[in-house]
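Undergrad:
Number of protein chains: 6
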Amino acid sequence: MSIVVRNTPRADKAVIEGFTGIGVATVHEAQGRIGLLHSCMRPIYRPCHVVGSAVTCEVAPGDNWMIHVAVEQCSPGDILVVAPTSPCEDGYFGDLLAASLMAHGVRALVIEAGVRDASTLTEMGFPVWSKAIFAQGTVKETIGNVNTPIVCAGQLINPGDLIVADDDGVVVVRRKDAAEVLKKSQAREDKEAGVRERLKKGELGMDIYGYRERLAAKGLKYVDWEG
Amino acid sequence: MSIVVRNTPRADKAVIEGFTGIGVATVHEAQGRIGLLHSCMRPIYRPCHVVGSAVTCEVAPGDNWMIHVAVEQCSPGDILVVAPTSPCEDGYFGDLLAASLMAHGVRALVIEAGVRDASTLTEMGFPVWSKAIFAQGTVKETIGNVNTPIVCAGQLINPGDLIVADDDGVVVVRRKDAAEVLKKSQAREDKEAGVRERLKKGELGMDIYGYRERLAAKGLKYVDWEG
Amino acid sequence: MSIVVRNTPRADKAVIEGFTGIGVATVHEAQGRIGLLHSCMRPIYRPCHVVGSAVTCEVAPGDNWMIHVAVEQCSPGDILVVAPTSPCEDGYFGDLLAASLMAHGVRALVIEAGVRDASTLTEMGFPVWSKAIFAQGTVKETIGNVNTPIVCAGQLINPGDLIVADDDGVVVVRRKDAAEVLKKSQAREDKEAGVRERLKKGELGMDIYGYRERLAAKGLKYVDWEG
Amino acid sequence: MSIVVRNTPRADKAVIEGFTGIGVATVHEAQGRIGLLHSCMRPIYRPCHVVGSAVTCEVAPGDNWMIHVAVEQCSPGDILVVAPTSPCEDGYFGDLLAASLMAHGVRALVIEAGVRDASTLTEMGFPVWSKAIFAQGTVKETIGNVNTPIVCAGQLINPGDLIVADDDGVVVVRRKDAAEVLKKSQAREDKEAGVRERLKKGELGMDIYGYRERLAAKGLKYVDWEG
Amino acid sequence: MSIVVRNTPRADKAVIEGFTGIGVATVHEAQGRIGLLHSCMRPIYRPCHVVGSAVTCEVAPGDNWMIHVAVEQCSPGDILVVAPTSPCEDGYFGDLLAASLMAHGVRALVIEAGVRDASTLTEMGFPVWSKAIFAQGTVKETIGNVNTPIVCAGQLINPGDLIVADDDGVVVVRRKDAAEVLKKSQAREDKEAGVRERLKKGELGMDIYGYRERLAAKGLKYVDWEG
Amino acid sequence: MSIVVRNTPRADKAVIEGFTGIGVATVHEAQGRIGLLHSCMRPIYRPCHVVGSAVTCEVAPGDNWMIHVAVEQCSPGDILVVAPTSPCEDGYFGDLLAASLMAHGVRALVIEAGVRDASTLTEMGFPVWSKAIFAQGTVKETIGNVNTPIVCAGQLINPGDLIVADDDGVVVVRRKDAAEVLKKSQAREDKEAGVRERLKKGELGMDIYGYRERLAAKGLKYVDWEG
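Chains as they are written, first to last, in my numbering: chain E, 446 to 672; chain W, 446 to 672; chain S, 446 to 672; chain R, 446 to 672; chain C, 446 to 672; chain Y, 446 to 672.
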């Protein structure tokens, strides 16, 4: 049975905005190195950074019908997350769908498949993370699901989960963990700022982090070059 | 036997110019979703868009000798299309060959292999769609064919076929179909312009395209979130 | 046993600077088509061109501890070359390590794995050639080696070998061969400059290089199009 | 935080045994074309067919420590399902771990990574579905989770979910759906048996399934060869 | 427009049978190193060797409807060759379709996509060359073509072309060239038989083929090991 | 300059024979997890196990001329190791070359490229590890090197290095380290034999290896399922 779930919850607005400018790598570390989508998910232009609440959409291979259905379930601040039920690189999404999503305040598309009209999407400033850029069209014959839990690029995504995406990839944060992960991400950023200044002055991470003793204990030896 | 076919026909000039600014995705749809080269064919810089008549060139793996032979068969407005007889990522083509092709009015290179001097090609504004960017050199030992039908990135290309290439990939249009496909492409562009305006105002594709009834007939159900 | 080799030799400074502006394809040809790293090694931004002496670093999969160790062994003008002991796309390197390397005068990173903070690295102007851009973090549990010979992307790299990297990829030149390869690279550039001018005027490579006779001897036939 | 969940539920024994001899393709169709793991998951020997309850195990890249932990949570009839937190092809598993699993009645291993001792595993008759066969060893430094929900090869797997695996791949069935899916799978097998007999006699699927009218309605034309 | 072409020609029966036992590599060499399908096309079991006339079938991604249509166009001695219009690994074909093809005397399937029921196909002795083995099902919604020229795995295949397939892959021979290629293939086999005997006695190919002089002319030097 | 190095040393005969029956995974572990060739190197049939001294051969892409040259440098007990100078899947090697190598006592071929005549090689019992099986032929135009150090599938191989290959892949052992690595491999085998017996009786690796305390120190928690 195929369903569209309406009125799904969103991540907290203040929390979402709090992630502005915080990189995917930081979020991923802050929540204990979990939640990263597969490295095949690349932005169609760089630099880019977005945060938003997931609206999920499961599609058939080579069939983008359900993306049209999903648009209606989107609200300002959302990110549409799409996964096919079997691997596919077809161009599910182009500038018309982007115009529609932008009209409804959607911030980005994350899709484990292909997109097209890449140059127009870039001009429009609509960010997309995808597995491919490919003009191959799709049909509208098979239905799927909107706002059910899906697996996209190796990660489980629930509707309302928080998505952060930038040049380094895409990470998902569970809705209920978002506030906590934000706090940890900010703490991490603060700490890194201090370390960055020391590194810029030429101090070594070896000394700042105190690695020398642990490395010696593991058996690391220093020798001089002998040609 | 290896041959070079001279005086092959070209696509009609007015038709070629008519495709200016029409995207690969549009052309591909307009001709019934056929003719797309494999998604591995990527432009070396973006944005880019070219149209032209194919001069075809079949080369041995790791051997670019026949590209030199092909240059002589090129005329202004042509696009050189190159395919190796077995898969290869070597850098068959660099800035010297590009200078030569530009001197003969060639508009672009489409090659199911690698190219090199990517930064110089970008500065020169010579567009290339290739499978790889790779400095690996080639030899000049084995002959092949020029202007015979070839398969490039999964599509049959005849000399004189029309090639359209942009950020989304590369599509081939049969020479005899080119005028008809142009008409259909333009019609499609016109129709999309109207839809685009409605989508920008927030109308839903669901309503514009009238999908609701068909989706219901397929069994799509709407339910409310229950947590 | 894991070791860090100190005081390894560097390529000659004047020779290193002599390679400024000479492309990877030229160097690769000049030294007899050897030394190219695999085509999977791509720059994180383009255009880019660097030359320097290799400091080598062997790391465990998913573990970047030894990169911190390697920083201390770097001097101005060096390029850090990193290879994991089994294939890995994790993001071993980000903006903090880049800040540290820049503070010590290191010119670039070449890594057969992933990096992260790609947008910040681009802003900083720190060039990186890598197999992936991926936010996935690494641990600091397993030790490896610094300044031992390593295989990176299919090529043997010794500490002190000369590395040239640009948009086309990465090539290694043995330290003892560097002066000779520079001479041959410059000669090649000079020769190509002359050919380039002739090609721009429309002369054919077929004539400049004198290929016609050899092609005929191989059996190449010219025929006219017959539809 | 890393956890090991004890006393997780299993799929019903009678239901598990009911799936004996029912192929992955049938189960996948019977439950509505969902639940298939990615096609990269291949058996190390063929033919093979297993059914069992999932014990899940999340491991760090290049680190098989948690598999040792997971053994203790396994019971007769279980299938161990392992996924790394970032993509890895290392050989996490060999004949010693297989001997241990067999001693505890475990029926198979499903791992989105590599295994080793492939010839011994084959001799032992211990079936494995993996992404690679690779001798590369792993370390024991980083902890993970046992019996938490994981994503393996693109599918969410919960402890106690039913796993069916054969030459065609691996499919997961939710524990609560297993009895229902078994019924549908058996019905499908029965129906196919009848069709198979008719096809063997030369009847056409076109007629058995009644496709002719629908194809004509879609616009399919029959024409005779004209050379 | 989608069409089914009826009464297409077949390769000559005697010629087809003449290829029995002649390997793909030999045929490929004999016809001048052309016609090989991409190396991704692998047999589902080994050893295997078939020869036959191509019936071609173009399918939509994830949609096997046209294979059912194609069965009706097959005659004893044919090989069914299937290609999707965009890349797809779904399991288009299983034991029911195989039973149907066998009932009509079809010798094999060559498909640039996935198949399923691999163990049953193996038991039945129905040979298949495919890009993947994958249980993923397909739909029956979109029509395509039967017995039109298609590109399969990088090669143009016309209905009636001769197909030879074995453990090394798949090669296509144009129908009109088949008798000539058979003669050349047999000549090659005869010649190789003689060489094989000499090689088995320890004679060197260097001497049998007379390579020494040409190698010396190219500049090959022999030196003794110096440690 | 291309060279053939004659009279290169071999690994010690007794040491070579000592490795009989010792698996690649064991050797790789015994020498500190180094020396494994990339996982793309797969045997053409299984099971298989060989040990021998490397004769190295560097070839041009799509050109197998130097393999013929290398045969003459082979002695009984050798393994021929071949790597192309740029990535290639062509079928460099078939049953004629295998017959020749067998006549000179060569035990196996390891090649980072393709081979053909796979079914005949299997019948002959000549083991091959390769990146592909592909009928694509090669030319004899470009010379290379025999018995110089090469990089094959990511590992440096010197002539005379010991090669061990089995179902799990290929590992190289430096000639001077071979005796020591043999001793360590045998010790490892002995130790594993004892552990295997205990595991077969149902003892847990957790207890045999004493992991519980270290896991607890790392923070691993055990909890009961709560549904």
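In this text, a Cβ means the ideal position worked out from N, Cα and C, and glycines have one as well. For clarity, every value in this text was computed on a predicted model and none was experimentally measured.
Mind listing which residues of the segment 547-560 of chain E have their C-beta closer than 8 Å to chain R's C-betas, in chain order?
TA: none
Undergrad: Restricting to Cα atoms, I'd like to know which of W:Gly605, W:Ala544 and W:Thr530 is closest to leucine 566 (chain W).
TA: Against the second sequence, residue 566 (chain W) aligns to sequence position 121. Looking at the Cα atoms, W:Ala544 is the closest of the given residues.
Undergrad: May I ask you to report which of helix, strand or coil DSSP gives glycine 497 (chain C)?
TA: Mapped onto the fifth sequence, residue 497 (chain C) falls at position 52. Here glycine 497 (chain C) sits in strand by DSSP.
Undergrad: Got a sec: is the Cβ-Cβ distance from leucine 601 (chain E) to anything in chain R below 8 Å?
TA: The residue given as residue 601 (chain E) occupies position 156 in the first sequence. Yes, contact with chain R.
Undergrad: Spell out whether any CB of chain C is found under 8 Å from the CB atom of proline 572 (chain R).
TA: Your numbering for residue 572 (chain R) matches position 127 in the fourth sequence. Output row for proline 572 (chain R): interface = no.
Undergrad: Ends of the alpha helix (DSSP H) at leucine 665 (chain E)?
TA: The sequence position of residue 665 (chain E) within the first sequence is 220, counting from 1. Per DSSP, leucine 665 (chain E) belongs to no alpha helix (DSSP H) and is neither H nor E.
Undergrad: Mind checking the segment 472-498 of chain W against chain C and listing, in chain order, the residues whose C-beta falls within less than 9 Å of any C-beta there?
TA: Gly477, Arg478, Ile479, Leu481, His483 and Ser484
Undergrad: Could you name the residues of chain Y that valine 584 (chain W) contacts, counting a contact when the two beta carbons are closer than 8 Å?
TA: Residue mapping note: residue 584 (chain W) aligns to position 139 of the second sequence, counting from 1. Correct list: Ala505, Glu586 and Thr587.
Undergrad: Which residue marks the beginning of the alpha helix (DSSP H) containing alanine 470 (chain C), and which one marks its end?
TA: In the fifth sequence, residue 470 (chain C) corresponds to position 25, counting from 1. Residues 469-475.
Undergrad: Would you say valine 616 (chain W) reaches chain C, if we count a Cβ-Cβ gap shorter than 8 Å as a contact?
TA: For the purposes of this step, residue 616 (chain W) is identified with residue 171 of the second sequence, where counting begins at 1. With 8 Å as the cut-off, valine 616 (chain W) does not count as an interface residue toward chain C.
Undergrad: According to a CB-to-CB cut-off of less than 7 Å, which residues of the segment 527-545 of chain S neighbour chain E?
TA: Contacts with chain E (Cβ-Cβ distance below 7 Å) from the segment 527-545 of chain S involve Glu534, Gly536, Gly539, Leu541, Ala544 and Ser545, listed in chain order.
Undergrad: If you draw a straight line from the C-alpha of glutamine 518 (chain W) to the C-alpha of alanine 528 (chain Y), how long is it?
TA: By one-based count along the second sequence, residue 518 (chain W) stands at place 73. By one-based count along the sixth sequence, residue 528 (chain Y) stands at place 83. Glutamine 518 (chain W) and alanine 528 (chain Y) have their C-alpha atoms roughly 37 Å apart.
Undergrad: Taking only three categories from DSSP, how would you classify glutamate 625 (chain R)?
TA: Position 180 of the fourth sequence, counting from 1, holds the residue named residue 625 (chain R). Here glutamate 625 (chain R) sits in helix by DSSP.
Undergrad: Could you give the DSSP three-state label for lysine 636 (chain Y): helix, strand or coil?
TA: Taking the sixth sequence and counting its residues from 1, the one referred to as residue 636 (chain Y) is at position 191. Here lysine 636 (chain Y) sits in helix by DSSP.
Undergrad: Residues in its own chain within less than 6 Å of isoleucine 588 (chain W) by CB, not counting five upstream and five downstream?
TA: By 1-based counting over the second sequence, the position of residue 588 (chain W) is 143. Closer than 6 Å at the Cβ level, and outside the excluded window around isoleucine 588 (chain W), lie Ser447.
Undergrad: Classify serine 630 (chain R) as buried or exposed, calling it buried when 16 or more other Cβ atoms lie within 10 Å of its own Cβ.
TA: For the purposes of this step, residue 630 (chain R) is identified with residue 185 of the fourth sequence, where counting begins at 1. It is buried - the Cβ of serine 630 (chain R) has at least 16 other Cβ atoms within 10 Å.
Undergrad: Here's the rule I'm using: 16 or more other beta-carbon atoms within 10 Å means buried, otherwise exposed. How should alanine 563 (chain Y) be labelled?
TA: By 1-based counting over the sixth sequence, the position of residue 563 (chain Y) is 118. Per the 10 Å Cβ criterion, buried.
Undergrad: Does tryptophan 670 (chain Y) pass the burial test, meaning 16 or more other C-beta atoms within 10 Å, or should it be called exposed?
TA: Reading the sixth sequence from its first residue, position 225 is the one you call residue 670 (chain Y). Exposed, since its Cβ has fewer than 16 Cβ neighbours within 10 Å.
Undergrad: Between which two residues does the alpha helix (DSSP H) carrying glutamate 462 (chain E) extend?
TA: Within the first sequence, the letter at position 17 stands for residue 462 (chain E). It spans 458-463 - the alpha helix (DSSP H) in which glutamate 462 (chain E) sits, taken as one unbroken run.
Undergrad: Tell me which residues share the same chain as proline 506 (chain R) and place their Cβ nearer than 8 Å to its Cβ, disregarding the 5 neighbours each side in the sequence.
TA: Against the fourth sequence, residue 506 (chain R) aligns to sequence position 61. The residues are Pro529, Thr530, Ser531, Pro532, Cys533 and Asp535.
Undergrad: Please name the residue, chosen from R:Val472, R:Val449 and R:Gly468, that lies closest to aspartate 622 (chain R) on a Cα-to-Cα basis.
TA: By one-based count along the fourth sequence, residue 622 (chain R) stands at place 177. Of the listed residues, the one whose Cα sits closest to aspartate 622 (chain R) is R:Val472.
Undergrad: Quick check on DSSP: helix, strand or coil for glutamine 518 (chain E)?
TA: Within the first sequence, the letter at position 73 stands for residue 518 (chain E). Three-state DSSP puts glutamine 518 (chain E) in coil, outside helix and strand.
Undergrad: For chain W, check one thing: does any of its Cβ atoms lie closer than 8 Å to the Cβ of glutamine 631 (chain Y)?
TA: As a first step, residue 631 (chain Y) must be located in the sixth sequence, where it is residue number 186. With 8 Å as the cut-off, glutamine 631 (chain Y) does not count as an interface residue toward chain W.
Undergrad: Decide if arginine 552 (chain C) is buried, meaning its Cβ has at least 16 other Cβ atoms within 10 Å, or exposed.
TA: Numbered from its first residue, the fifth sequence carries residue 552 (chain C) at position 107. It counts as buried.
Undergrad: Hey, how far is the Cα of valine 514 (chain Y) from the Cα of glycine 463 (chain S)?
TA: The count along the sixth sequence starts at 1 and reaches residue 514 (chain Y) at position 69. The count along the third sequence starts at 1 and reaches residue 463 (chain S) at position 18. Cα to Cα, the separation comes out at about 39 Å.
Undergrad: Is there a Cβ from chain R that is less than 8 Å from the Cβ of valine 596 (chain E)?
TA: As a first step, residue 596 (chain E) must be located in the first sequence, where it is residue number 151. Chain R, which has a Cβ nearer than 8 Å to the Cβ of valine 596 (chain E), makes this yes.
Undergrad: Should glycine 468 (chain S) be flagged as near chain W, meaning a C-beta pair shorter than 8 Å?
TA: Within the third sequence, numbered from 1, the residue matching residue 468 (chain S) stands at position 23. Residue-level contact check: glycine 468 (chain S) touches chain W, since one or more beta carbons of chain W fall below 8 Å from its beta carbon.
Undergrad: Which one of W:Gly522, W:Asn509 and W:Ile524 has the shortest CA to CA distance from phenylalanine 538 (chain W)?
TA: Here residue 538 (chain W) refers to the residue found at position 93 of the second sequence. Among W:Gly522, W:Asn509 and W:Ile524, the Cα nearest to that of phenylalanine 538 (chain W) is on W:Asn509.
Undergrad: Expressed to the nearest angstrom, what Euclidean distance is found between the alpha-carbon atoms of glycine 599 (chain Y) and valine 460 (chain W)?
TA: Looking up residue 599 (chain Y) in the sixth sequence gives position 154. Looking up residue 460 (chain W) in the second sequence gives position 15. Glycine 599 (chain Y) and valine 460 (chain W) have their alpha carbons spaced roughly 51 Å apart.
Undergrad: What are the boundary residues of the beta strand (DSSP E) that leucine 649 (chain W) is part of?
TA: Locating residue 649 (chain W) in the second sequence gives position 204, where the first residue counts as 1. It is not in any beta strand (DSSP E) - leucine 649 (chain W) carries neither H nor E in the DSSP assignment.
Undergrad: Find the nearest neighbour of glutamate 642 (chain W) within the set E:Leu665, E:Thr501, E:Val450 and E:Leu541, judged by alpha-carbon distance.
TA: Looking up residue 642 (chain W) in the second sequence gives position 197. Selected option, being the one with the closest Cα: E:Leu541.
Undergrad: Excluding the five sequence neighbours on either side, which residues of its own chain have a C-beta within less than 6 Å of the C-beta of tryptophan 574 (chain R), listed in chain order?
TA: Here residue 574 (chain R) refers to the residue found at position 129 of the fourth sequence. Met486, Pro488, Val555, Ala610 and Val615.
Undergrad: So which residues of chain W does valine 514 (chain E) contact, with C-beta pairs closer than 8 Å?
TA: Here the question's residue 514 (chain E) lines up with position 69 in the first sequence. Within 8 Å Cβ-Cβ: Met651, Tyr656, Leu660 and Leu665.
Undergrad: So that I know if they touch, is there some Cβ in chain C lying closer than 8 Å to that of aspartate 669 (chain Y)?
TA: By 1-based counting over the sixth sequence, the position of residue 669 (chain Y) is 224. For aspartate 669 (chain Y), the answer is no, since every Cβ of chain C falls outside 8 Å of its Cβ.
Undergrad: Looking at C-alpha atoms only, which residue of Y:Gly477, Y:Leu601 and Y:Ile608 is the closest neighbour of aspartate 523 (chain Y)?
TA: Translated into the one-based positions of the sixth sequence, residue 523 (chain Y) becomes position 78. Answer by Cα proximity: Y:Ile608.
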